[in-house]
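Going down the list, the sequences are from chains A and B.
Here my numbering is used: the first residue of the first sequence is 126, the next is one more, and so on.
Here my numbering is used: the first residue of the second sequence is 9, the next is one more, and so on.
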Amino acid sequence: GAVVSQHPSWVICKSGTSVKIECRSLDFQATTMFWYRQFPKQSLMLMATSNEGSKATYEQGVEKDKFLINHASLTLSTLTVTSAHPEDSSFYICSAKTGGYYGYTFGSGTRLTVV
Amino acid sequence: AQSVTQLDSHVSVSEGTPVLLRCNYSSSYSPSLFWYVQHPNKGLQLLLKYTSAATLVKGINGFEAEFKKSETSFHLTKPSAHMSDAAEYFCVVSDDYNKLIFGAGTRLAVHP
């Protein structure tokens, strides 16, 4: 089945630095990818929808300049957390629209801790 | 607008007993509904989905869910819980098959 690889699985960074998270579709072309954020013991909140070759669509309340999304190819979308602060610490999950029975495939997530 | 309400934040069962995780949805259109499972610090795995075919949907690992339009419900059940079922479960709705709206989640604990 369709597989989405997300890495790193965990990262620790200092306040003020930037962190890039990659999401790759391994055996299919993903024209649409989604980025979610999940706080501890909470649900997933959609941050943005990423379409290959065009600008991402951000959900209301998500800072575009802080969470930079690039979807330059059909197999790779990246989320860059710029000038990270401790409140950005969270679990970030990507998903790709695959169609077929599954509809969507999720990455394994990235645990970001900003110190 | 579409929304999902998972009626229980925590459910605790004994191994071998039935599991019931409740979900109600609100949608202006004929919805697509999903149940996903998430183990700690892991991504999400699709258990099953409903897309206007049979109202009783069978999924993986013995789970099934019944779509009841009159009750706007999509409850997840399993006849006999296993220790490995302990996880977080999310009920999800999608109206246009592009955006998924997640419920708050139900944490299932399974005791020996």
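The C-beta atom is built at its ideal place from N, Cα and C for all residues, glycine as well.
Around the CB of residue 101 of chain B, 16 or more other CB atoms lie within 10 Å, so the residue is classed as buried. When DSSP reads this structure, residue 44 of chain B sits in a beta bridge with B:54, B:98. In this structure, the beta-carbon distance from residue 80 of chain B to residue 20 of chain B does not fall below 9 Å. Looking at the DSSP output, residue 216 of chain A shares a beta bridge with A:163, A:236. By the neighbour-count criterion, in which 16 or more other beta carbons inside 10 Å mark a residue as buried, residue 91 of chain B falls on the exposed side. Check the Cα spacing between residue 89 of chain B and each of B:78, B:28, B:58, B:112: the tightest is with B:28. Residue 70 of chain B carries a helical assignment under DSSP once its states are collapsed to helix, strand and coil. Per the C-alpha coordinates, the member of A:231, A:240, A:216 positioned closest to residue 151 of chain A is A:231.
Taking 9 Å as the CB threshold, residue 220 of chain A lines the interface with chain B.
In this structure residue 220 of chain A is not in contact with residue 143 of chain A, their Cβ atoms being roughly 23 Å apart against a cut-off of 8 Å.
Under the 9 Å criterion on CB atoms, residue 60 of chain B is classed as non-interfacial with respect to chain A.
Under the rule that a run must span 3 or more residues, the beta strand (DSSP E) segments found entirely inside the stretch 173-200 of chain A read 192-198. Residue A:169 holds the alpha-carbon nearest to the alpha-carbon of residue 215 of chain A among A:186, A:169, A:177. In terms of beta-carbon proximity, residue 167 of chain A lines the interface with chain B, with at least one pair separated by less than 9 Å.
Judged by DSSP in its simplified three-state form, residue 150 of chain A adopts strand. Out of B:15, B:45, B:86, B:111, the CA that lies nearest to the CA of residue 64 of chain B is found in B:86. For the stretch 35-60 of chain B, the beta-carbon criterion of a distance under 9 Å to any beta-carbon of chain A is satisfied by 40, 42, 44, 46, 49, 50, 51, 52, 53, 54, 57, 59. Contact between residue 48 of chain B and residue 10 of chain B is ruled out by a C-beta separation of about 28 Å, above the 8 Å threshold. Residues of the same chain with a CB within less than 8 Å of the CB of residue 108 of chain B, apart from the 5 flanking positions on each side, are 42, 100, 101, 102 in chain order. Between the alpha carbons of residue 84 of chain B and residue 94 of chain B lies a distance of about 14 Å. With contacts defined as CB atoms closer than 9 Å, residue 112 of chain B and residue 14 of chain B qualify as a contacting pair.
Beta-bridge partners assigned by DSSP to residue 117 of chain B: B:20. Each residue's CA atom was taken as its position, placing residue 25 of chain B and residue 198 of chain A some 48 Å apart.
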